[in-house]
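Visitor: Chains as they are written, first to last, in the numbering used here: chain A, 1397 to 1801; chain B, 141 to 310.
By construction, the Cβ of each residue, glycine as well, lies at the ideal position given by its N, Cα and C atoms.
Small disclaimer: the values here were computed from a predicted structure and weren't measured.
I'd like to ask you about the structure that follows.
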Amino acid sequence: MNLKINFKIKPVLDYILVILVTSLAITSGLIALPLTEKISERTTFDLLTKDEYYSSAEYYLSLETTDLKEVEETRNILFKRLNSFGVEKVSIQKIGQDSTTTTLRIVVNTTRELGFVRELIINKYDFKIVEKKEDVDFFENEDPYAYLYPDNYNDTEWDSSNFRNVHITELRTTDNSYSNFAIFKPWPNKQTAFNKFLDNHKGDYVGVSTDGSVMPYLVPLEGDNLFAVPLPVEDETQVEAISILYNSGHIPINYSMIEENRLDPQTINIDHIKISIALFVSLILVYLIILLTKNATLEMLSIPFLATLLTLSIYISVLKFLNIPVDTFLLPIIGIIIATLIKIVSANDDSVFYIEGAFLVTLSVILLFGYGYIEILASHLFPLIVLSKLSLIISAWYINKVKRI
Amino acid sequence: MEIFINLWNNWTNIEKINTLSIYLSLLILLPLLVKVVTKNNKLFLFSILSLLSSALVTLLGITFLSVAFNYTITYIFLLTPIIVIFINLLNVGSSIGYYQLNKKNKNFNINDLKREYIQDSMYLTIFLVLLFSALSIFVTSTFLVFILLSGATSVATIWVNYALFYYIIK
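Structure below.
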């Protein structure tokens, strides 16, 4: 007698998947809930808010020019530096002018270290390549630091305008350790001439003179013409700041800082716990009112409601897990946009592709040209649009499967 | 208008160029996408006018807030146009989708599109009014004003769009 077991694998897999999705939803929901960090001591699920890390300062610069074009170029480069460094709010105003000078007032409001922000503002960072004077011998000099003095070098034709980029990276040193180097990359039409310059100085000292202080470089006798100057810095933020200073452009005039003051940080203080509860309660109220006024059925509302909760829960869980700092006032804005997107897209199946496509195009444009909080908002929304699409698909599948169970 | 003049004078050229680039790029790209997808000149014109009108509504809203209530417009209000653009995309996008799905149907009538559009606009308005109102209960001060302004301009944009739609799409 043969016993035939009629075993269907698909329903079993469906059950397992439903259980997995339920676990994911509950886990992310619990992690996303405010004050979760108080439930468990083994792990910290704090939402890292930027509010208490903001600091603000104002800097007054005196520019040795009254030429409008030079003033604007200086303002542009300073803004570019601060924006590249991630300073959230920058204001550079022209506040005064006399016969020879122009005064700028720079106000910053940021979570980045003000020490580095100050360095980005006060340093002109105008660099040029210099060559050792022929009559100078560093080895026979009494002063062991002679190779650092600009007086021991002659200017060359090579300055910042000849280099398209200064790339800072870690390279292996002669003792097999890794150290930071600044690789100076000339424009393609200058490469041949620069190679010739290095060939003429093989075995000799050249230097990179930056604001009057020289970083010496011994041109190797052999090897390719890679102009990689060692940087005596290890700190990542310092490297970031130096890279920005090298690559933000040439400030055409001399200037000095005449005053600096710390200010009270300008923050929009929102209690993230209250706002998380507010968003959750708002969503429930909205969907309840729509259901009670019979504008839609429970089936039509359950999918977008679940998708919204899933998207926002996963988003906040990821922020907590990866300790990504977030401005709390952006959370309700993100919540409103995502909740509305999911509701409209779920009610208009025919328009999903066009709406989400338009959103992604818009966010790409904002990420390309945006700055400050607009850029930060777009960088959070972009992955959320993709996540919301996935959440809708998962929610529709989930509710369909649960109904059958 | 003084707030915009002051804002313009205080911005660096990079900020001016980047801000203009964002809005000009969207003004060119989004209608172009509508034209490529629908191949309908009226919808193309509607998309351009809806973006321009949403910009105007936002500027009027901010000016009204500043002049009528003597309210200091802070940096957070730079996010209002972005919220309005997204709401506008939802509003216009739903009609584009309906048109694309039904344009080849024999019984398709432009009045069906208008009916669908007003229905979608109503749903979107109800959802936004409820969501913004519910959220505004829990926030105060500058952020409350920002939420109310963004909500009001978003809803106004939807109905200005409807008026444009009614007159352009015949």
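(1) Do you know how far the Cα of residue 1524 of chain A is from the Cα of residue 1614 of chain A?
(2) Restricting to runs no shorter than 4 residues, where is the alpha helix (DSSP H) found entirely within the region 250-292 of chain B?
(3) Under 8 Å between the Cβ atoms of residue 1496 of chain A and residue 1651 of chain A?
(4) Residues in the same chain with beta-carbon distance under 6 Å from residue 1503 of chain A, minus the five sequence neighbours each way, listed in chain order, please.
(5) So is residue 1728 of chain A in contact with chain B if we call contact Cβ pairs under 8 Å?
(6) Is the distance from the Cβ of residue 219 of chain B to the Cβ of residue 1773 of chain A below 8 Å?
(7) Measuring alpha carbon to alpha carbon, tell me which of A:1728, A:1624 and A:1620 ends up nearest residue 1670 of chain A.
(8) Near residue 260 of chain B, what residues of its chain come up, given a Cβ to Cβ distance below 6 Å and the 5 sequence neighbours on each side ignored?
(9) Suppose you measure from the CA of residue 156 of chain B to the CA of residue 1568 of chain A; what does that come to, to the nearest Å?
(10) With DSSP as the reference, label residue 1802 of chain A as helix, strand or coil.
(11) Give the interface partners of residue 1542 of chain A over in chain B, defined as CB-CB distance under 7 Å, in chain order.
(12) Along chain A, which residues have their Cβ under 8 Å away from the Cβ of residue 210 of chain B?
(13) Can you check whether the CB of residue 1754 of chain A is closer than 8 Å to the CB of residue 173 of chain B?
(14) Using a Cβ cut-off of 7 Å, which residues of the region 1729-1746 of chain A contact any Cβ in chain B, in chain order?
(15) For chain A, is any of its Cβ atoms less than 8 Å away from the one on residue 271 of chain B?
(16) Listing by chain order, which chain B residues have their CB less than 9 Å from the CB of residue 1655 of chain A?
(17) Residues of chain B with CB closer than 8 Å to the CB of residue 1677 of chain A, please, in chain order.
(18) Might you give, ordered along the chain, the residues of its own chain that have their beta carbon closer than 7 Å to the beta carbon of residue 1770 of chain A, omitting 5 neighbours on each side?
(19) Does residue 1587 of chain A come out as helix, strand or coil in the three-state DSSP assignment?
(20) Give me the residue from B:151, B:308, B:165 and B:146 with the minimum Cα distance to residue 1765 of chain A.
(21) Mapping DSSP to helix, strand and coil, what is residue 1492 of chain A?
(22) Check whether chain B comes within 8 Å of residue 1761 of chain A, counting only Cβ atoms and requiring the distance to be less than that.
(23) Taking the alpha-carbon of residue 1673 of chain A as reference, which of A:1744, A:1595, A:1709 and A:1638 has the nearest alpha-carbon?
(24) So which residues of chain B does residue 1489 of chain A contact, with C-beta pairs closer than 9 Å?
(25) Could you name the residues of chain B that residue 1468 of chain A contacts, counting a contact when the two beta carbons are closer than 7 Å?
(26) So, is residue 1637 of chain A buried or exposed, given that buried needs 16 or more other C-beta atoms within 10 angstroms?
(27) So which residues of chain B does residue 1477 of chain A contact, with C-beta pairs closer than 7 Å?
(28) Please classify residue 1554 of chain A: does DSSP put it in a helix, a strand, or coil?
(29) Might you give, ordered along the chain, the residues of its own chain that have their beta carbon closer than 8 Å to the beta carbon of residue 1475 of chain A, omitting 5 neighbours on each side?
(30) Nearest-angstrom Cα distance between residue 195 of chain B and residue 1663 of chain A?
(31) Which full runs of the alpha helix (DSSP H) of 4+ residues lie inside the region 1640-1711 of chain A, going along the chain?
(32) Examine chain A for any beta-carbon lying closer than 8 Å to the beta-carbon of residue 206 of chain B, and answer yes or no.
(33) Measuring CA to CA, which of B:269, B:178 and B:295 is closest to residue 239 of chain B?
(34) Can you tell me where the alpha helix (DSSP H) holding residue 1427 of chain A begins and where it ends?
(35) Please confirm if residue 225 of chain B has its CB atom under 8 Å from at least one CB of chain A.
(36) What number of angstroms, rounded off, separates the C-alpha of residue 1667 of chain A from the C-alpha of residue 1724 of chain A?
Guide: Let's see:
(1) For residue 1614 of chain A and residue 1524 of chain A, the distance between alpha carbons rounds to 16 Å.
(2) The alpha helix (DSSP H) runs lying completely inside the region 250-292 of chain B and spanning 4 residues or more are 250-276, given in chain order.
(3) No, they are not a contact pair.
(4) Cβ neighbours of residue 1503 of chain A beyond the five flanking positions: 1454 and 1487.
(5) Yes, residue 1728 of chain A counts as interfacial toward chain B.
(6) A contact, by the Cβ cut-off of 8 Å.
(7) Here the closest residue by C-alpha is A:1728.
(8) For residue 260 of chain B, same chain residues with a beta-carbon under 6 Å away, outside a window of 5 residues either side, are 234 in chain order.
(9) Whole-angstrom Cα-Cα distance: 43 Å.
(10) Residue 1802 of chain A falls outside the range modelled here, since chain A spans only 1397 to 1801, and no answer is possible.
(11) By Cβ distance, chain B contributes nothing, its closest Cβ being about 42 Å from residue 1542 of chain A, past 7 Å.
(12) The premise fails here: residue 210 of chain B is roughly 20 Å from chain A at the closest Cβ pair, so nothing lies under 8 Å.
(13) Residue 1754 of chain A sits close to residue 173 of chain B, with the two beta carbons spaced by under 8 Å.
(14) So the list reads 1729, 1732, 1733, 1735, 1736, 1737, 1739, 1740, 1743, 1744 and 1746, given in the order they occur along the chain.
(15) Yes, contact with chain A.
(16) Going along chain B, no residue has its Cβ under 9 Å from residue 1655 of chain A, so there is no contact; the nearest lies around 19 Å.
(17) Here the neighbours are 274 and 278.
(18) The answer, listed in chain order, is 1762.
(19) Residue 1587 of chain A: helix per DSSP, three-state reduction.
(20) With respect to the C-alpha of residue 1765 of chain A, the residue from B:151, B:308, B:165 and B:146 having the closest C-alpha is B:165.
(21) Correct three-state label for residue 1492 of chain A: strand.
(22) At least one chain B Cβ lies under 8 Å of residue 1761 of chain A.
(23) Of the candidates A:1744, A:1595, A:1709 and A:1638, A:1709 places its Cα closest to the Cα of residue 1673 of chain A.
(24) Correct list: 149 and 150.
(25) For residue 1468 of chain A, the chain B residues whose C-beta falls within less than 7 Å of its own C-beta are 153, listed in chain order.
(26) Around the CB of residue 1637 of chain A, 16 or more other CB atoms lie within 10 Å, so the residue is classed as buried.
(27) Those within 7 Å of residue 1477 of chain A in chain B number zero; the least Cβ separation is about 11 Å.
(28) Strand at residue 1554 of chain A.
(29) For residue 1475 of chain A, where only same-chain residues beyond five positions count, the Cβ hits under 8 Å are 1486 and 1488.
(30) Cα to Cα, residue 195 of chain B sits roughly 27 Å from residue 1663 of chain A.
(31) List check, alpha helix (DSSP H) in window: 1668-1688.
(32) Closer than 8 Å: no.
(33) Residue 239 of chain B has its Cα closest to that of B:178, out of B:269, B:178 and B:295.
(34) Residue 1427 of chain A -> alpha helix (DSSP H) spans 1405-1428.
(35) Cβ-Cβ to chain A under 8 Å: yes for residue 225 of chain B.
(36) Taking the straight line joining both Cα atoms gives about 7 Å.
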